[in-house]
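What follows is a set of notes on a single structure, which appears directly below.
Residue numbers (the working numbering), protein chains in the order written: chain A, 201 to 364; chain B, 94 to 239.
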């Protein structure tokens, strides 16, 4: 299960750990800077569901330096969980959020978060990880592709409900 | 994908994975079983796009001059094919509902394809090739031990 994992990035140590309630303000700020939308209620809910319950199958991870002057400055986050039998699928890991501070990109922080998430999934017996990416989201598409993810066996379908 | 696009991607994979040496069109052609003449035309286009440099003379050849992390398969295909998403109906103003319905399906498939090509850089392709090579090597080892 996730403990503190220390990795070297380009400049200094990187720590990957579980999110705590104290992280939420920085998480909301990071997400707002990346997406342009502040979602405090959403992240509070994410923390309550994925950061504090069913921790053997839900993972809300944070990357920070872990030491030094900026020990607790959040550099990135990733959230995911084990999902069972949804869409007829065998149990697999799903990643539904990943974000890295724009000022700290290209430092392999996303890679470290992704790999730690995959390790957490492996430790609970999961052998497949999935995610969903908007077609126009080139950044996330390229990131996940770079981590070895390829198109899966599902196609996302949708319908606008004001059609007859 | 047209053959020129495919050859261009193969050539760039060869060159980007061997950044320290020049490789000739003949050498790439021999590996992928294609004519060096056709390949030379493809490499000319890649050169004009700034993705390869050619060195003439003895010991010469081509080398990769682009950015593998910023060059996507879509970028490469776009040098040889029309990748625009403009309407391909011959006369949209006269198209029937049936033609529009099939157009919608074709557009959906094309959009997915273009999105996929846009998300894969040369660097990602090199990583994927490395993973496949390791997986094949493991298979060979297992077969040999079996």
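Ideal placement from N, C-alpha and C gives every residue a C-beta, glycine not left out.
Classification of residue i by the beta-carbon crowding that lies within 10 angstroms, buried from 16 upward
i             : result
residue 210/A : Bear in mind that a pLDDT of 46 at residue 210/A, under 50, signals an unreliable position, so the number given afterwards is only what the model happens to contain. It is exposed - the Cβ of residue 210/A has fewer than 16 other Cβ atoms within 10 Å.
residue 121/B : buried
residue 309/A : buried
residue 345/A : buried
residue 203/A : Low confidence applies here, because residue 203/A scores a pLDDT of 48, under 50, leaving its location unreliable and the question unanswered by this model.
residue 210/B : buried
residue 362/A : exposed
residue 95/B  : exposed
residue 307/A : buried
residue 225/B : exposed
residue 341/A : buried
residue 198/B : exposed
residue 354/A : exposed
residue 208/A : With a pLDDT of 48 at residue 208/A, under the threshold of 50, the modelled position of this residue cannot be trusted, and the question is left open.
residue 246/A : buried
residue 304/A : buried
residue 102/B : buried
residue 329/A : buried
residue 170/B : buried
residue 125/B : exposed
residue 316/A : buried
Proximity below 7 Å, CB of residue i to CB of residue j
i             : j             : result
residue 262/A : residue 223/A : yes
residue 116/B : residue 153/B : no
residue 215/A : residue 266/A : yes
residue 348/A : residue 326/A : no
residue 118/B : residue 136/B : yes
residue 238/A : residue 260/A : no
residue 257/A : residue 281/A : yes
residue 138/B : residue 214/B : no
residue 277/A : residue 299/A : yes
Distance between residue j and residue i (C-alpha atoms, nearest Å)
i             : j             : result
residue 97/B  : residue 168/B : 13 Å
residue 356/A : residue 288/A : 14 Å
residue 295/A : residue 313/A : 11 Å
residue 201/A : residue 194/B : Its pLDDT being 42, under 50, residue 201/A is placed unreliably by the model, and the measurement read from it follows with that caveat. Near 50 Å, if we compare the C-alpha coordinates of residue 194/B and residue 201/A.
residue 208/B : residue 162/B : 17 Å
residue 104/B : residue 147/B : 13 Å
residue 149/B : residue 156/B : 11 Å
residue 144/B : residue 212/B : 18 Å
residue 232/A : residue 185/B : 42 Å
residue 200/B : residue 217/B : 26 Å
residue 236/B : residue 323/A : 28 Å
residue 318/A : residue 182/B : 45 Å
residue 311/A : residue 321/A : 15 Å
residue 159/B : residue 133/B : 18 Å
residue 285/A : residue 332/A : 17 Å
residue 283/A : residue 291/A : 6 Å
residue 244/A : residue 297/A : 14 Å
residue 360/A : residue 225/A : 35 Å
residue 236/A : residue 343/A : 20 Å
residue 250/A : residue 240/A : 15 Å
residue 352/A : residue 206/B : 14 Å
residue 230/A : residue 358/A : 29 Å
residue 190/B : residue 233/B : 54 Å
residue 151/B : residue 230/B : 35 Å
residue 131/B : residue 113/B : 24 Å
Integer-rounded CB distance, given that residue j should sit under 8 Å from residue i
i             : j             : result
residue 227/A : residue 219/A : 7 Å
residue 106/B : residue 222/B : 7 Å
residue 275/A : residue 264/A : 6 Å
residue 219/B : residue 142/B : About 19 Å; that fails the 8 Å criterion.
Where residue i meets chain C, residues with beta-carbon distance less than 9 Å
i             : result
residue 341/A : Among the protein chains in the structure shown, which are A and B, there is no chain C.
Counting pairs of Cβ atoms below 8 Å between the segment 325-345 of chain A and the segment 175-192 of chain B, do you hit three or more? Fewer than three beta-carbon pairs drawn from the segment 325-345 of chain A and the segment 175-192 of chain B are found closer than 8 Å, and the two stretches are therefore not classed as touching.
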